[in-house]
Amino acid sequence: MQLFCFPSMFILILGPGSCRAGSSWILSDQMLSRGSDALVIQTVLEQSTRTLETYRVDPGLVQEHANGELRITQGGYGERQLFELVQNGADEIANEPGGRLAVVLTDDTLYCANQGTPVTPEGADTILRMSVSRKRGGQIGRFGVGVKSVLSVTDAPQFFSAGGCFGFDRAWSTDRIAEALGLQQPLDMDTPVLRMARPLDREEELDKDNVLRELLAWATTVVKLPLLPGAAERLGHDITGFKHSDGHQTDAFPSGFQIFSSHVGEVLLEDRRRLPIQRRKLTVQVSGERRVIREVGTGIKETVSEWNVFTVAHEPTTEARGSAGELHDRSVINVSWAVPAYVEKDGLLTVPLGRGQFWSYFPTKYPVSVTGYLNAAWKTNEDRQNLLDGSAFNRELLRVAARVVVSSLPRLSRKEDPAACLPLLPGRSREAVNWAEEYFIRHVWEAAAQLPSLPDQDGVLRVPRDLHIHPEKLQPEWLRIWAEYPGRPRDWVHPSVDANPLRHGKMEHILSAARKSPEGVRTWLEALVSDGTAESSAHAIRILAAMVERNGDQETLEAARSARIVLTDAHGMVAPVAGKVFHRTGADELRDDMVYVHTAISERMEMQRHLHTVGIRIADAHGRFQGVLDQGFGGYTPQLWTQFWMLLRSAGGNAQVDRIRSRYPDARAVLHVRTVDGRFRPMASCLLPGVVVPGDRSRDASIAVDMDFHGADTAMFRDLGLVDRPVVAHDPKQQSWFEEYRQAVHNHYLRLLAPDAPRTNISRLVLEGPHRPAPWTCCRASQRRAAPRSSPRSRTSVWSRAGPVPTAPPPTAVPKWPPRCAGCSAGTAWCAPRWV
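Everything in the sequence shown is counted per my numbering, starting at 532 for the first residue and increasing by one.
Right under this line is the structure:
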């Protein structure tokens, strides 16, 4: 065999005995496509001649190669002609993104035309070989095994390209093989079709085929398949879809093809066998990760679908490549996840529900519960419909796909609905329907536990271990109130994770994988008030009030009630314990020992209802008054004394006298009343207006009680001993001067004793005598002569247990206390001492 190459022609001469006489192939320039690359035709001729010579040397290869083609056409590839042709055409467009691709079906022919790179010598060589593919990187079809699937629908595939035109023909190939082997027809064995090709005259073919001319007017390559009987009907179903009488469904060419082949700007699918022509046109717009697919067609409404596509270029490990088969030589594998764009429904961002699918640039038969499509050059069976189990290559890609999904979540999170991405994640591994899905799901949850997957309060996805998780069984309203506070801690999960049960369930899967548990209700509420402000406390109280009103889970409610969330005036944050915490009704500043809600909260009208709901009542006057007594009156200003008397009246007035005396036995020395000069003075230093001091403010303004202010306190004054004059029936032991007088009597008595007489302790001294007129302090201060002179005077005596003490001083020697009032006859010694 010899191949001669001249400037104007190729001459291929087969060796003696290899063919019939006169069978030399002579190709003139006119037989070559005008402007074509002669290298493509040279490759076709050389490889065809080499194959024929191989068959002559080893005739057994004829049946072997024929069986290989038969295996492809009768196996999984048998019904993938449309997919395979489109895949190969898409690869030719890759270097010129945005190009067109068209599939046209007539009664007897299928055409597939594409723009982009024309057929190359390497491409032609691949077609002419068995089980060879030169797919690289992201290429999805490169005239490898898949193209041989066309033999299911044609015996004579033809290729028209700017690089050269050539065709195959079953009858022609059989004749050449028979000649090479010196056999007579018909042969008793099958012969291969796609091992030898012959050049085609472009112009001659165009003259015979108007559709071909129409397509080559814009396309760089057209694959033409003259169809076998019955093939057109099935191919028509592949274009538009069809439901068979037995219920079997043939799916239409997928409208999502350009999701992962977005470099193909337009895909046109036409079935011209009937009128009107059945036409589908698919276009894509690309903007970063975003894909917008539009479809228009005969008898169908225009549809628009939006997708987000996330891709990682993965370099397979040595172990993975070892099980990759024909994919072994691919140094980079693109692993992609396509997710439908969000739509708003019921105020939430969502995507259409339903199971996703594994793709290998076209759909496989393997579903997956993650939303959208997972695409990669998986190792599949021959029909590319099922992922092969036990493949280290597939398992590695599935692990990569799991991380692609999880690492894409931050780009799918939206500020207005940060947890919208959670429903995109898969379900539970035990619900998987195939091995690949189960393996993938397990690794998704592992990745979600390690990568940012849950939104914080700012809507930023964070690693689960860095977040606090709010408790279970919380209502959306409670979570919303918590999140509305601007000063809330940011390291808590966003409330949108609980917007619906589906989102919450996905979060639970993540937490389970991360081995993280939700916080308790008390911790959650106290975290809200960690900044110690009134505003944070108000939000927490609103949450608790909502819980009480719902009257739901008692355990949750009890835990919430124990949280220290109520800001008080003087005790920081306290738990809202009924009967322990109160809120004020007025603006008084009286000190008491009660716990009050901070006025910044209690003075807000909208908070009063919430305080009442959680059991914080208005402070009880009786309780408040007791608290005021317990706190004492040190540092009281006139304003505080005014508030004290107002509180005392609201607490029952003279009903509190016993409580006052119990806490302050010398109450008249402690309590201050307002005098007519507008000041507050000790009650013991004052008199009611009457016979001693006038009420007309003409004099003694610093002594006379202001009855305009104290008009409601008359009964209390009577019970506390505030009168308008000194009275006889007044027990001097209750007076402030009594102890001083008792000490003076004791000292005076001791001075009168003989030097060697025993000194009796003052504790044994008892002073006896009738009640004296009182009070005296005000009389000394007034220096007036208005007191009555009928006050009796008493004599004194000193007694011991044995009787009168002979050494007792005479009555006139006993210290006189209190001193005589300038206007009163009273004022001598009150009583006689005795020793017990």
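Think of the CB as a built atom: it goes at the ideal place given N, C-alpha and C, for glycine as much as any other residue.
| Query | Result |
| --- | --- |
| Helix, strand or coil at ARG1311 [DSSP, three-state] | Residue confidence for ARG1311 is low, a pLDDT of 48 falling below 50, so the modelled location carries little weight and cannot support an answer. |
| Sequence-distant residues of its chain with Cβ nearer than 7 Å to LEU759 (five each side left out) | VAL684, THR685, ASP686 |
| Proximity of LEU583 and ALA711 at Cβ, strictly below 8 Å | yes |
| Test item: CB-CB of ALA1045 and PRO986 under 8 Å | no |
| Burial state of VAL964 (16 or more Cβ within 10 Å) | exposed |
| Through-space distance from ASP1029 to PRO807, alpha-carbon basis | 52 Å |
| Exposure label - GLY921; buried when at least 16 CB within 10 Å | exposed |
| Residue(s) in a DSSP beta bridge with GLY630 | VAL795 |
| Top-ranked residue by Cα proximity to HIS845, from ARG930, GLY796, GLU833 | ARG930 |
| Alpha carbon of PRO1213 to alpha carbon of HIS1203, nearest angstrom | 4 Å |
| The segment 701-720 in contact with the segment 758-778 per 3-pair CB rule at 8 Å | no |
| Length of the line joining the Cα atoms of GLY853 and TRP909 | 14 Å |
| CA nearest to the CA of LEU884, picked from VAL899, PHE893, PRO894 | VAL899 |
| For SER786, the first and last residue of its enclosing alpha helix (DSSP H) | No alpha helix (DSSP H) contains SER786, which DSSP labels as neither H nor E. |
| Three-state secondary structure (DSSP) of GLU1008 | helix |
| Reference ASP1151, options VAL1112, ARG1135, GLN1170, GLN1162, closest by Cα | VAL1112 |
| Local conformation of ARG493 per DSSP, three classes | Residue 493 lies beyond the range of the chain shown here (532 to 1367); nothing can be said about it. |
| Beta-ladder partner(s) of LEU982, from DSSP | Answer is none; LEU982 lacks a bridge partner. |
| 7 Å CB neighbourhood of ASP638 in its chain, flanking five on each side removed | ALA763, ARG804 |
| Simplified DSSP assignment, three categories, for CYS952 | helix |
| Among SER1027, PRO1032, GLN988, GLY1036, the one whose alpha carbon lies nearest that of PRO1016 | The sequence given here has Tyr at residue 1016, not Pro. The option with the nearest alpha carbon to TYR1016 is GLN988. |
| Close beta carbons around GLY990, own chain, < 7 Å, minus the five adjacent residues each side | SER944, LYS946, PRO949, HIS1025 |
| Classification of ASP802 by the beta-carbon crowding that lies within 10 angstroms, buried from 16 upward | buried |
| Beta-carbon proximity of HIS999 to ALA1091, cut-off 8 Å | no |
| Local conformation of GLN916 per DSSP, three classes | coil |
| Three-pair Cβ contact test at 8 Å for the segment 612-623 versus the segment 785-800 | yes |
| Cβ pair LEU1088, VAL1097 closer than 8 Å | no |
| From PRO871, THR902, ALA951, GLU850, residue whose alpha carbon lies closest to that of LEU928 | GLU850 |
| Proximity of ALA872 and VAL937 at Cβ, strictly below 8 Å | no |
| Option nearest VAL795 by Cα separation, candidates TRP1013, GLU627, LEU613, GLN605 | GLU627 |
| C-alpha gap between GLY654 and TRP976, whole angstroms | 43 Å |
| As assigned by DSSP and simplified to three states, the class of PRO1257 | coil |
| Completely contained beta strand (DSSP E) runs for the segment 877-911, where each covers 3 or more residues | 879-881, 887-890, 894-899, 904-906 |
| Secondary structure, alpha helix (DSSP H): runs of 4+ residues fully inside the segment 1025-1061 | 1032-1045, 1052-1059 |
| Where LEU1121 falls: helix, strand or coil (DSSP) | coil |
| Check whether THR895 and ASN917 have beta carbons under 8 Å apart | yes |
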